[in-house]
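Novice: In our numbering, each residue carries its 1-based index in the sequence shown increased by 18.
Just so you know, even glycine gets a beta-carbon here, dropped at the ideal spot from N, CA and C.
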Amino acid sequence: MEFSTPAGTNPADRSRVLGKPTPRIDGPLKVTGTAPYAYERHDVAQGQLVGYPLGAGIATGRISTMDTSRAKAAPGVVSVVTTLDMDALPIPSEHHQVRLFGGDRVDYYHQAIAVVVAETFEQARAAAGLIDVAYEPANDAFDISKAQNRLGDGAVEPEVSVGDFESTFANAPHKLDRIYRTAAQSHAHMEPQASIAAWDGDDLTLWTSSQMIQWAKEAMATALGIDPERVRVDSPFIGGGFGNKLFVRSDAILAALGARAAGRPVKLALPRPFIMNNTTHRAETIQRIRIGVDDDGRILALGHESLSNAVPGGEGEDATLQSPHFYAAKSILTVNRVFETHLPEANAMRAPGEAPGHMGLEMALDEVAEMIGMDPVELRIVNDTKTDPSNGKPFSERHFVECLRRGADTFGWGERNATPGSRRDGDWLIGHGMAGAYRDGPAMTSAARVHLQPDGRVVVETDMTDIGTGSYTIIAQTAAEMLGLSLDQIEVRLGDSAYPISAGSGGQWGAASATAGTYAACVALRDRIAERMGVDPDTVTFEDGSARAGDTVRRLADLAADGEIVATEGMSFGDFRSEHMTATFGAHFVELGVHATTGEIRVRRMLAVCDSGRILNPVTARSQVLGAMVMGLGSALLEHVAVDTGKGLFANHDLASYEVPVHADIPEQEVVFLDTVDPVSSPLKAKGVAELGLCGSAAAVANAFYNATGIRVRSYPITLDKFLQDLPSV
Ligand code: MOS
């Protein structure tokens, strides 16, 4: 069915199950270690061998020779497949620019160039080290800061241009013109990319870890040159993805090639030190932000230019994405440009574009507020808008000001000392900071199949994924609500390409889309049930395991006694939706301490207030925002994959040297959801929250650091080397 008009009242509004704080239904499987992750699917295919990858030791050039004789003779080795054994495999997705395997060309460091298949992991790993490779390296430049002077040279067409930015900015009474830098980041999901591949003749089954099942199926078919109908992908549990599992990676290709060569199923996990160069990362950015305001803080001119690394042909990390839409600027200019280089491929990472974009923009606004002596919360309030300044479209729902006011109240913002570096708690300098948050609220076509079984229970099947987000739970809640059942009467099956195609997990569209698809399938099932009762579907209500139409009441179990009733249906989203801007809003508040002598930074409190439409499950939604806030703290203070600008690789490519927050780094966190609904977004009036929580949270930490110390560090992450010398003398 099509979602073609704003949602009116519908069965989901009863909120008997939906909207209730519900622990995740897959929780017991996870805490008992019995949720089957890709690498642990021991039972799905007999005789599994183990694959181990070899990565290129240069960033760009070609391979002249590979000698596999020692590897092939090593104990336990069954087969060795090298990149020279075949032509370059087609790039598996239009969202990528580099190949995953095949041919003699090297386009990035740790590009997969061989897979060794052996009886055991240790044998495969040892043999991979025995492959001798000779390279002919090519030259490239890898230092993005050398391209910084191109910001503002006018050589690239603007993404968005509203009004006459340059002259409006030049004539503005108050002007800010600054450069901000954000670091390259790695997704650092807990579960590595892993796949088990098994061939049955020309049919391939792939048990893997993927956010997007249908994309994975099509990508495998494209890369291997087979019919997509010959590929099955199964990924019921995923240990984090953050965008790095939107697309098939080398684990899947190598497992499939290794399995074909060995004639047996092969499992392969990418070793952690391999992931950061071999897969994708968030590009580093250099952002030039120019803001001109009047005496009342109204934005007259907003210029945001972003420069990021990208492989040749890539789009880079567009940090300007939020800037045309968020605030009521009179003139706007955004420019996205890339520095083309043979670093590993930059691609989507949670809130791509907006996450680093807010790190620049929301720090710049903090600077503007200080420049004109205005409270940063007030500055954002005076620049609120009900229509998008770049296209004039109305926001379907926008409660940004309420986020700011509610957050300021809850946090005690009024007690903040606005003078930087002037509040102490013993040896600690105390600071408070805040930031706004804006993220698109997309929805995508999504389908599901629902079975009413003879025992009265309902099974939902969809290829939707649960990457730790809570998809299982909100889909079960949706079905229970629609069919008048309790949660324990619903079974949800996810992640199998044999099920109807869903929206998948990405871009914070998963929750709104997959529950819409489940809603559509449940509406279709309700129609079937009414048909079986011989009544008008519009007159039937579902409650307590029964369907009622007038005086007729039938148990669902009785209706299905002679055989299950099945309905498959999907939801697509009509054009009317694009007449509005459907977006999510938030406000972040942070308190931290900076040790006056050592410069150690300890975040003390974090608060996020979110406006995301109906919150389908406050427990799982809250977890999404908490995790995003942790990621924001990491972005502000820790995370940085360091480019070896000589060799073109990420030097700190493991979790010993790429630092992410641990529990000891994380303070008290609070999340408040505004009680809003968005009828334009989806039948359930819901929007996503997972990326919203990352937008602005890092800037709020950085702004609190400034308030604590009076030192403005405009290059993330804020590490000791960047400010220790500037700390006030003790
Ligand atoms: Mo998200 S970066 O679209 O998985």
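(1) I want to know whether the stretch 265–280 touches the stretch 179–188 - three or more CB-CB distances under 8 Å.
(2) Using the beta-carbon count (16 or more within 10 Å), is F357 buried or exposed?
(3) In terms of residues, what are the limits of the beta strand (DSSP E) holding P46?
(4) Alpha helix (DSSP H) containing T86: first to last residue?
(5) Tell me which residue opens and which closes the alpha helix (DSSP H) that V748 is part of.
(6) If I'm right that A494 touches E479 with Cβ under 8 Å, what's the distance once you round it to whole angstroms?
(7) Note down the Cα distance separating L710 from V643, rounded to an integer number of angstroms.
(8) Would you please state the rounded distance, in angstroms, between the beta carbons of A56 and S204? I believe it to be under 8 Å.
(9) Which of the three DSSP states is assigned to L264 in this structure?
(10) From the DSSP output, in three-state form, read off C713 for me.
(11) Quick check on the burial criterion: 16 or more other C-beta atoms within 10 angstroms. Buried or exposed for Q141?
(12) Taking all protein chains shown into account, decide if G37 is buried (16 or more other Cβ within 10 angstroms of its Cβ) or exposed.
(13) Residues bridged to W225 by DSSP?
(14) Do you know offhand how far V541's Cα is from A30's?
(15) Could you spell out where the beta strand (DSSP E) holding Y153 opens and where it closes?
(16) Span of the alpha helix (DSSP H) holding Y70?
(17) Output the boundary residues of the alpha helix (DSSP H) element that contains M649.
(18) Between which two residues does the beta strand (DSSP E) carrying L318 extend?
(19) Just tell me which of R566, V251 and H322 has its CA closest to the CA of F265.
(20) Would you call the CB atoms of A270 and M238 closer than 8 Å?
(21) May I ask you to verify whether the stretch 468–477 touches the stretch 592–603, counting CB pairs closer than 8 Å and requiring at least 3?
(22) In terms of alpha-carbon separation, which member of I197, V659 and L501 lies closest to A585?
(23) May I ask you to list the residues that DSSP assigns as paired with R196?
(24) So is the beta-carbon of G525 under 7 Å away from any non-hydrogen atom of the ligand MOS?
(25) D195: buried (16+ other C-beta within 10 angstroms of its C-beta) or exposed?
(26) State the DSSP-derived secondary structure class of Q115, mapped to helix, strand or coil.
(27) Cα-Cα, which of I519, I485, Q115 and V133 is closest to A144?
(28) What is the DSSP secondary structure of N354, reduced to helix, strand or coil?
(29) Using a Cβ-based criterion (distance less than 7 Å to any ligand heavy atom), does Q115 qualify as near the ligand MOS?
(30) Does the distance between the C-beta of P176 and the nearest non-hydrogen atom of the ligand MOS fall short of 7 Å?
(31) Any heavy atom of the ligand MOS closer than 7 Å to the Cβ of M84?
(32) Would you say R368 touches the ligand MOS, meaning its beta carbon is less than 7 Å from a heavy atom?
(33) With which residues is A364 paired in a DSSP beta bridge?
(34) Please classify R88 as buried or exposed, where buried requires at least 16 neighbouring CB atoms within 10 angstroms.
(35) Measuring alpha carbon to alpha carbon, tell me which residue in G73, I149, V707 and V731 is nearest K90.
(36) Using the Cα positions of E177 and A202, report the straight-line distance between them to the nearest angstrom.
Specialist: Let's see:
(1) No, because fewer than three Cβ pairs between the stretch 265–280 and the stretch 179–188 fall closer than 8 Å, the two stretches do not touch.
(2) The Cβ neighbour count for F357, taken over all protein chains shown within 10 Å, is at least 16; the residue is labelled buried.
(3) Here P46 belongs to no beta strand (DSSP E); instead the alpha helix (DSSP H) covers G45 to V49.
(4) That residue, T86, is in no alpha helix (DSSP H); it is neither H nor E in DSSP.
(5) Per DSSP, V748 belongs to no alpha helix (DSSP H) and is neither H nor E.
(6) Contact between A494 and E479 does not hold, since their C-beta atoms are separated by about 12 Å, which reaches or exceeds 8 Å.
(7) Inter-residue distance for L710 and V643 is about 8 Å (C-alpha atoms, whole angstroms).
(8) Taking C-beta atoms under 8 Å as the contact rule, A56 and S204 fail to qualify, at a distance of about 19 Å.
(9) Coil, per DSSP.
(10) Coil.
(11) With 16 or more Cβ atoms within 10 Å of its Cβ, Q141 is classed as buried.
(12) Buried, by the Cβ-count rule.
(13) According to DSSP, which records beta bridges pairwise, W225 is partnered with I214 and D252.
(14) Just so you know, the alpha carbons of V541 and A30 end up roughly 11 Å apart.
(15) Residue range D150 to P155 is occupied by the beta strand (DSSP E) that includes Y153.
(16) In the DSSP assignment, Y70 falls outside any alpha helix (DSSP H) and within the unbroken beta strand (DSSP E) covering L67 to G73.
(17) Unbroken alpha helix (DSSP H) run through M649: P636 to L655.
(18) Residues I317 to A328.
(19) Comparing Cα positions, the closest option is V251.
(20) Their beta carbons are under 8 Å apart, which means A270 touches M238 by this criterion.
(21) As far as the Cβ criterion goes, the stretch 468–477 does not touch the stretch 592–603, which means the pair count is below three.
(22) The shortest Cα separation from A585 among I197, V659 and L501 belongs to L501.
(23) Its beta-bridge partners are I307.
(24) Yes - the ligand MOS has a heavy atom lying nearer than 7 Å to the Cβ of G525.
(25) So D195 counts as exposed.
(26) Residue state, collapsed to three classes: coil.
(27) Among I519, I485, Q115 and V133, the Cα nearest to that of A144 belongs to V133.
(28) Strand at N354.
(29) The answer is no for Q115.
(30) Checking the Cβ of P176 against the ligand MOS gives no.
(31) M84: no, Cβ never under 7 Å from the ligand MOS.
(32) Yes, the Cβ of R368 comes within 7 Å of a heavy atom of the ligand MOS.
(33) A364 pairs with H299.
(34) Here R88 is exposed. Its C-beta has fewer than 16 other C-beta atoms within 10 Å.
(35) The residue with the shortest Cα to Cα distance from K90 is I149.
(36) In a straight line, the C-alpha of E177 is about 23 Å away from that of A202.
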